[in-house]
Structures are given as structure tokens and as C-alpha cells.
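Comments concern the structure below.
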Amino acid sequence: MKIAEMMDPGCIVDNLEAKTKKDVLEELVKAALCDSAVEDLEKVVKVLLDRENLGSTGIGDGTAIPHGKVSIINSMRIAFGRSLQGVEFNALDGKPVYLFFLLLAPESSQSIHLRVLAKISRMARDADFRSRLMGAKNSREIYEIISTQDELC
1 MKIAEMMDPG
11 CIVDNLEAKT
21 KKDVLEELVK
31 AALCDSAVED
41 LEKVVKVLLD
51 RENLGSTGIG
61 DGTAIPHGKV
71 SIINSMRIAF
81 GRSLQGVEFN
91 ALDGKPVYLF
101 FLLLAPESSQ
111 SIHLRVLAKI
121 SRMARDADFR
131 SRLMGAKNSR
141 EIYEIISTQD
151 ELC
């Protein structure tokens, strides 16, 4: 299972404009589902916000992995966003979040979304990986960093 195969370089936002949790989710959903209707995007953001109400997906160390199951897709979609200024996301450590991995799974998916979530979490625990993502010059470089880390985990 390769994370890089589930994401497209076009689904990477190297400088999120969002200042709030909701705005981050909207921006990332647009990147992940650029081929969907606006009504669908709003439904997906609602699913993600409902998930956030159960408990923050901000795992700490400046990283969040918002995720949810949605009916409008047939395969896993992953988007990545980087906020250079950081966003208050109710992370477990109480600190701002800079790196966001958005995971959208089909409603019918069984355990693969949990395995993908676990792998992204393992990748994100590496301080050097997080530092390289923050220092990347552009989306293409971010994708290469994620691909390389994906091979190591």
C-alpha cells in the first residue's frame, strides 16, 4: 500500500490560505475532489467537521490527519496541505497545525482506510520528515518528500 499512489501532485496545497479549521478542510477537500460539484464538496466538509466534533484529528507536533468516509468517491483520495503560519486545530498538544494530510475513503471501504491512516501517522512521527515538508520549495518537492518517506515506512 503506497500513499503516493493514492495522491496526485495536484492534490497538494503548498501554502494554505486558510486561517480556521473549517477553511482548511474546505481548501483541502477542493484539492482532493477537484472533479466534484460544489454541493458534494459541502457535504464532504460536513462529514469531516462531524468527525472533528468526535475528537480532533490534530495528532500533535504540528500535524493533523482529518479523515472521513464519503459516498461520492469509489477509491481512496489523499490531499496534503501546508500552512506556513499554522492554524489552530485543537491538536492534542494544544499547538498550531502546519501539516495536514486529508484522507477520504469510500463509504464501502473496510479496513484499508485504517491502514492508510496508521501509515500516515507513522510517517508524520518523524521530525526530519516534518521539517523537510516545511522547508520544501513547492508542491512537486513536497510530493517527492512524501513519496520517499512512503518507501521507508
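If you're matching positions, the sequence shown starts at 1 in my numbering and goes up one per residue. All C-beta atoms in this analysis are idealised placements derived from N, C-alpha and C, irrespective of residue type, glycine included.
Under a Cβ-count criterion, where at least 16 other Cβ atoms within 10 Å of its own Cβ denotes burial, should MET7 be classed as buried or exposed?
Within the sequence shown, residue 7 is the residue found at index 7, counting from 1. So MET7 ends up on the buried side.
Identify whether GLY58 lies in helix, strand or coil by the three-state DSSP scheme.
Here the question's residue 58 lines up with position 58 in the sequence shown. The answer is strand: DSSP assigns GLY58 an E or B state.
For ALA124, collect the residues of the same chain with a Cβ closer than 6 Å to its Cβ; drop the 5 residues on either side in sequence, then sort them by chain order.
Here residue 124 is taken as the residue at index 124 of the sequence shown, counted from 1. Excluding positions up to five away in sequence, the list reads THR63.
With a CB to CB cut of under 6 Å and the five nearest residues on each side skipped, what residues in its chain are close to SER93?
For this step, residue 93 is matched to residue 93 along the sequence shown. It is worth fixing the name first, because residue 93 is Asp in this sequence and not Ser. If we look at ASP93 and ignore the five residues flanking it on each side, its Cβ neighbours are GLY60.
Within the continuous beta strand (DSSP E) that includes ALA79, where are the two ends?
Residue mapping note: residue 79 aligns to position 79 of the sequence shown, counting from 1. Looking at the DSSP string, the run of the beta strand (DSSP E) that includes ALA79 is 77 to 87.
Is the CB-CB distance between GLU21 and GLU52 below 8 Å?
As a working mapping, residue 21 is identified with position 21 in the sequence shown. As a working mapping, residue 52 is identified with position 52 in the sequence shown. In the sequence as displayed, the identity of residue 21 is Lys instead of Glu. Result yes, Cβ atoms of LYS21 and GLU52 sit closer than 8 Å.
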